[in-house]
Amino acid sequence: MSMGDRTQISETGRSAAGLLRLAGRTSWPYLLLLPTVALLFAFTLYPLLQGLWMSLFRRGLVVVPQVPESIPVFVGFDNYLKLFADKDFVLSLVRTVLFVVVAVPVQLAASLGLALLLAPQTRFNAVMRTIVFFPSMISGLIIGVIWAWLFARNSGLVNYGLSLLGIPAVPWLEQDQLAQAAVVVAWVWGGAGFNMMILIAGLTAIPKDLYEAAAIDGTSRWRRFTRITLPLLEPSVVVVVVLGVIGAFQVYEIVVSLTTGGPGRATVFLVQNIYDTAFRKPNQAGLAAAQSGVLFVILMVLTILQLRVARRRG
Amino acid sequence: MTLLRSPGRLVAMVAVLILFVLPPLWLLLSALKPQAEIFQWPPSLWPEHITLENFQKTVSRANFGRYFLNSAIVSVSSALLSVAMSVAAGYALAKFRFKGDTIIFLLIMSAVMVPLQIVLIPVFLVLRDLGLLNTLWGLIIAPAATPSGVFLMRQYIVGIPDSLLEAARIDGTPEWRILLRIIVPLALPAIGTLLAFNLVWRWNDYLWPFLIINQQEQWTVQLAIANSIGRFSINWPRLLSMTVLSVLPMLVIFIALQKTLMNGLMAGASKE
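Going down the list, the sequences are from chains A and B.
Start counting the first sequence at 3; every next residue gets the next number (this note's numbering).
Start counting the second sequence at 599; every next residue gets the next number (this note's numbering).
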């Protein structure tokens, strides 16, 4: 039923008030959408286009007439070409990709283990799920603080635990690879409960009679897992992996409080590198925008992938 | 009890408990220790002298009350604004056919692909041009439009029968009253879920305040925490107590709305 039909039914008919109401009704949905559309335009869509446009210029973050280097100069795709010679960028990209490649599978394994352990609907499991989920309620910054305190060299619980086993103190946050491992641990810990819930939803959807039939046939537990659980859980696993990859490419907050990017630049990932380039280096805003452009393309491809998977899942 | 059915399961349960209870608990216990005991080696697992000294110092000397208040103002206002906007937009997309409706829907949803992380620089410039830098208004307004919120409300409102709206229209009820008197009361469960999510998101925001605020009186809790972490030295007694205090509101929300938050997630609210 269209708006016009409804107006004709209404008693006001075609009086002036009726016309006013008709105009009001036609514009009503637009009015309802205006605040959301305006804010998304101002803080998401326009900045995206503006950022891509900026990436074609050499310019300062803020244009200061007295500083010639800050005035925008069109350079085409120069910034993108420069990126590949920019050691800081290339290394942060490599680090980020490695982080994704390591952290996402580890998180999947952890979440899957938790899901299988805590899926049965008992009261005890409900409490356990709540506990495991809790880190999803706190910020990456706080997760970083929690683990920085655990990994502290001379007062941390982790090294205390190791000392009980006779292992000398490990400088967790002071060596490149150990610090990178610490970021992986904290990141996996922070997200495991969220992903566990996605996987539990998937597990609960698997029909019970499949397992019963397999049990009657005398199929081993391992075979039941690989032949029934895993294939039927695949859609949920894909969601966890894709969301994980998208999240891992943006890893930053957790690093702020855990390692502040150190030691050296060992845990500086893409987002921090973009920020440093734009706000810490003079007149490199174009270069930073180009880095954002690269990250955007990565995330866009992954999101489209996620949408296609979601559609296939129905 | 299934728990005791196999020893492997029991061991796994204990391991999970240790892994997920101990880290936050250790933080809390450490925050309750006097300064000397915090750094004592070997550490005391249970505080030998429980004290609130660190908390008192944080609140009195570090101006933490101010940051806490800022965070509270920002999260509550921004959450309310965001929910109001999402209800309005979700209602428009669920119950009206109009020129450009599909395009607007896709446009809103496509914003999911653009996290703040990749538009930091231009967003900073937009905030500056709008005069929102160094204002709490900036923190309230800038993150308020969320595609996931609009989507959640749209999905919920679609389920409200059209006949209710049509009956009201035949009676000559003005549109704004239909929204406030029919849609809002019927959508309350979804509104509650979205409000809870928004409170959590906004309380935990770090990147927005990081971008918008640099005057200390306007710091939020998360900014205060980030700023107390120096690259080479950390005031642990202060940081530990700040962290505990910053988590308390989330703990309260979580305990109160645990089911809503854990299941709302499944309803597609995702991580924003």
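The beta-carbon is built from N, C-alpha and C at its ideal position, and this holds for glycine as well.
Quick caveat: nothing in here was measured; it's all calculated off a predicted structure.
In terms of DSSP beta bridges, what is phenylalanine 76 of chain A paired with?
-> As a working mapping, residue 76 of chain A is identified with position 74 in the first sequence. According to DSSP, phenylalanine 76 of chain A bridges with A:Phe59.
State the Cα-Cα distance for the pair alanine 794 of chain B and aspartate 80 of chain A, rounded to the nearest angstrom.
-> Position 196 of the second sequence holds residue 794 of chain B. Position 78 of the first sequence holds residue 80 of chain A. The C-alpha of alanine 794 of chain B lies about 46 Å from the C-alpha of aspartate 80 of chain A.
Inspect the beta-carbon positions of valine 672 of chain B and leucine 734 of chain B and report whether they are closer than 9 Å.
-> Here residue 672 of chain B refers to the residue found at position 74 when the second sequence is read from its first residue. Here residue 734 of chain B refers to the residue found at position 136 when the second sequence is read from its first residue. Yes.
Where does alanine 867 of chain B fall in DSSP's three states?
-> In the second sequence, counting from the first residue as 1, residue 867 of chain B sits at position 269. Unreliable placement is indicated for alanine 867 of chain B, whose pLDDT of 42 sits below 50; no coordinate value is reported for it.
Proximal residues of chain B, C-beta to C-beta of asparagine 208 of chain A below 7 Å = Against the first sequence, residue 208 of chain A aligns to sequence position 206. As written in the sequence, residue 208 of chain A is isoleucine, which differs from the asparagine given in the question. Correct list: empty, because the minimum Cβ distance to chain B is about 16 Å.
Endpoints, alpha helix (DSSP H) assigned at serine 708 of chain B | Within the second sequence, residue 708 of chain B is the residue found at index 110, counting from 1. Boundaries of the alpha helix (DSSP H) around serine 708 of chain B: 699-708.
Valine 842 of chain B to leucine 626 of chain B span [Cα, whole Å] | Counting from 1 along the second sequence, the entry for residue 842 of chain B is found at position 244. Counting from 1 along the second sequence, the entry for residue 626 of chain B is found at position 28. Distance between the alpha carbons of valine 842 of chain B and leucine 626 of chain B is about 6 Å.
Environment of isoleucine 300 of chain A [buried if 16+ CB atoms lie within 10 Å] | As a position in the first sequence, residue 300 of chain A is number 298, starting the count at 1. Burial of isoleucine 300 of chain A is indicated by the presence of at least 16 other C-beta atoms within 10 angstroms of its C-beta.
So is alanine 117 of chain A in contact with chain B if we call contact Cβ pairs under 9 Å?
-> By one-based count along the first sequence, residue 117 of chain A stands at place 115. Chain B contact via Cβ: absent.
Could you give the C-beta distance for valine 555 of chain B and leucine 714 of chain B, rounded to a whole number, given that I count them as a contact under 8 Å?
-> This structure cannot speak to residue 555 of chain B, because chain B is shown only from 599 to 870.
Methionine 599 of chain B CB to nearest chain A CB: under 9 Å?
-> For this step, residue 599 of chain B is matched to residue 1 along the second sequence. Below a pLDDT of 50, predicted positions are generally treated as unreliable, and methionine 599 of chain B, at 44, falls in that range; the measurement from the model is reported next regardless. Yes - at least one Cβ of chain A is within 9 Å of the one on methionine 599 of chain B.
Compare the C-alpha of alanine 687 of chain B against each of B:Leu837, B:Ala824, B:Val782, B:Asn802 and name the closest.
-> Taking the second sequence and counting its residues from 1, the one referred to as residue 687 of chain B is at position 89. Nearest Cα to alanine 687 of chain B within the set B:Leu837, B:Ala824, B:Val782, B:Asn802: B:Val782.
Is the shortest distance between the beta-carbon of tyrosine 754 of chain B and the beta-carbons of chain A less than 9 Å?
-> Locating residue 754 of chain B in the second sequence gives position 156, where the first residue counts as 1. At least 9 Å separates the CB of tyrosine 754 of chain B from every CB of chain A.
Of all the CB atoms in chain A, is at least one closer than 9 Å to the CB of glutamate 651 of chain B?
-> Looking up residue 651 of chain B in the second sequence gives position 53. Chain A contact via Cβ: absent.
For isoleucine 781 of chain B, does the three-state DSSP call read helix, strand or coil?
-> Within the second sequence, residue 781 of chain B is the residue found at index 183, counting from 1. Looking at isoleucine 781 of chain B - three-state DSSP - the assignment turns out to be helix.
Nearest residue (CA-CA) to valine 187 of chain A, options A:Ile208, A:Val104, A:Leu34 | On the first sequence, position 185 is the one that residue 187 of chain A refers to. Answer by Cα proximity: A:Val104.
Can you tell me which of the three DSSP states leucine 608 of chain B falls into?
-> For the purposes of this step, residue 608 of chain B is taken as residue 10 along the second sequence, with counting starting at 1. Of the three classes helix, strand and coil, the one that applies to leucine 608 of chain B here is helix, per DSSP.
Below-9 Å beta-carbon distance, glutamate 13 of chain A vs any chain B residue | Translated into the one-based positions of the first sequence, residue 13 of chain A becomes position 11. Caution is warranted here: a pLDDT of 47 is assigned to glutamate 13 of chain A, below 50, making its placement in the model unreliable, and no coordinate value can be reported.
Report the neighbours of arginine 773 of chain B on chain A: residues whose CB is nearer than 8 Å to its CB, in chain order.
-> Translated into positions along the second sequence, residue 773 of chain B becomes position 175. The question names arginine, but residue 773 of chain B in the sequence shown is glutamate. The CB of glutamate 773 of chain B comes closer than 8 Å to the CB of Gly26, Arg27, Trp30 in chain A, given here in chain order.
Where DSSP assigns a beta bridge to proline 827 of chain B, which residues make up the other side?
-> Here residue 827 of chain B refers to the residue found at position 229 of the second sequence. Per the sequence shown, residue 827 of chain B should be read as isoleucine rather than proline. Looking at the DSSP output, isoleucine 827 of chain B sits in a beta bridge with B:Ile832.
Taking Cβ-Cβ distances below 9 Å as the criterion, which residues of the region 614-643 of chain B are in contact with chain A?
-> Here the close residues are Val614, Leu615, Leu617, Phe618, Val619, Leu620, Pro621, Pro622, Trp624, Leu625, Ser628, Ile636, Phe637, Gln638, Trp639, Pro640, Pro641, Leu643.
Taking C-beta pairs closer than 7 Å, name the residues in chain A that asparagine 802 of chain B reaches, listed in chain order.
-> Here residue 802 of chain B refers to the residue found at position 204 of the second sequence. Among the residues of chain A, those whose CB is under 7 Å from the CB of asparagine 802 of chain B are Ile140, Ser141, following chain order.
Excluding the 5 residues preceding and the 5 following glutamine 293 of chain A in the sequence, name in chain order all residues of the same chain whose CB lies nearer than 8 Å to its CB.
-> Translated into the one-based positions of the first sequence, residue 293 of chain A becomes position 291. Residues of the same chain with a CB within less than 8 Å of the CB of glutamine 293 of chain A, apart from the 5 flanking positions on each side, are Leu85, Phe91, Leu272, Asn275, Ile276, Thr279 in chain order.
Give the DSSP-derived three-state secondary structure of tyrosine 254 of chain A in the structure shown.
-> Your numbering for residue 254 of chain A matches position 252 in the first sequence. Here tyrosine 254 of chain A sits in coil by DSSP.
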